[in-house]
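This note's numbering numbers the first residue of the sequence shown as -17 and each following residue consecutively.
Glycine is no exception: its CB is placed at the ideal position from the N, C-alpha and C atoms.
Contents: one structure, followed by commentary.
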Amino acid sequence: MYCCSSVLVSSVEVQDVKTSGLVTSDGGSVSVNGVQLTCPAGAVDDPLNIKLKLQEPQNYYGLILNHGLENDMIFVAPVISCQPNGQTFKKHVTLTTALDRYEKQTSTEALLVLHGTPATDGRIFWEDVTGGSKFDLEKRELEVKIAQFSLIVVLLRLTWVHTKEIVTRLNLISFKYTLLVLFKSNHQHSPFE
-17 MYCCSSVLVS SVEVQDVKTS GLVTSDGGSV SVNGVQLTCP AGAVDDPLNI
33 KLKLQEPQNY YGLILNHGLE NDMIFVAPVI SCQPNGQTFK KHVTLTTALD
83 RYEKQTSTEA LLVLHGTPAT DGRIFWEDVT GGSKFDLEKR ELEVKIAQFS
133 LIVVLLRLTW VHTKEIVTRL NLISFKYTLL VLFKSNHQHS PFE
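Pasting the structure below:
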């Protein structure tokens, strides 16, 4: 399994895997290294060149470490980048990925599937899509339906942290605020009125 502990991070650079394919209004599919994207007929009007990029999770260790989740979860599959980024579909497309780093004795309740949408400032907004995902434990496979392209991440919870808390922490945006307090006095000649 992919772990985000800094002790286990190798200094060897691992190449990301990429592929592309054309889908039309009749549908189509694109696959690479155990990941397959299937578009049903009518999902797009015009021919679309789809790219799948499987990224090594170490590219995202900082995301986990910066939000204090390094002891709570690990990656069980490559990070899947579906492109063109932001592409929307008229019908949901199906993304199937092998969970070859997933141990069968682990409960599927411990798995968390996130859909990440990059913002213009480079941040990623994460949404929990676990509820709409199907797990086939015999095949060690995940199937998730999506309506928009971005990133798909599959995580295994090591501790029982609520999904909502994980997503909230990943999406936490630091901000500055000013508190302004006004109050009215009933005393007519008060110096602070």
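How big is the Cα-Cα spacing for residue i and residue j?
i, j, result
"V(-9)", "E120", "Residue placement at V(-9) is poorly supported in this model, since its pLDDT is 36, which falls under 50; the coordinates still yield a value, given next. Distance between the alpha carbons of V(-9) and E120: 30 Å."
"D118", "L34", "22 Å"
"F28", "K127", "As written in the sequence, residue 28 is Asp, which differs from the Phe given in the question. C-alpha separation (whole angstroms): 21 Å."
"S115", "L77", "10 Å"
"T6", "I32", "10 Å"
"L19", "L36", "12 Å"
"G9", "S2", "15 Å"
"P22", "P66", "17 Å"
"G24", "H74", "10 Å"
"I106", "P100", "4 Å"
Quick one: give me the first and last residue of the alpha helix (DSSP H) that residue i is part of.
i, result
"N48", "43 to 48"
"V149", "145 to 152"
What first and last residue would you give for the beta strand (DSSP E) that runs through residue i?
i, result
"T99", "93 to 100"
"Q65", "61 to 65"
"R139", "133 to 139"
"S2", "-1 to 5"
"L51", "Taken as a continuous stretch (DSSP letters only), L51 belongs to no beta strand (DSSP E), as it is neither H nor E."
"G68", "First-last for G68: undefined, no H or E at that position."
"L124", "123 to 130"
Whose C-beta lies closer than 7 Å to the C-beta of residue i among residues of the same chain, with five residues either side of it excluded?
i, result
"T70", "A129, Q130"
"Q15", "Reading the sequence as shown, one finds Asn at residue 15 and not Gln. Cβ within range, chain order: V(-1), L36."
"E(-5)", "The predicted position of E(-5) is uncertain, since its pLDDT is 42 and thus under 50; no value can be drawn from it."
Leaving out the 5 sequence neighbours to the left and right, which residues in its chain are closer than 6 Å to residue i when beta-carbon positions are compared?
i, result
"W108", "L96, G98, V149, L152, N153"
"L30", "V5"
Which residues in the same chain as residue i place their Cβ atom closer than 8 Å to its Cβ, once the five residues preceding and following it in sequence are excluded?
i, result
"V143", "L51, D54, M55"
"K146", "D110"
Round the Cβ separation of residue i and residue j to the nearest angstrom and send it over; I've been treating them as touching at under 8 Å.
i, j, result
"T79", "L124", "5 Å"
Going by DSSP, what residues sit across from residue i in a beta bridge?
i, result
"W108", "G98"
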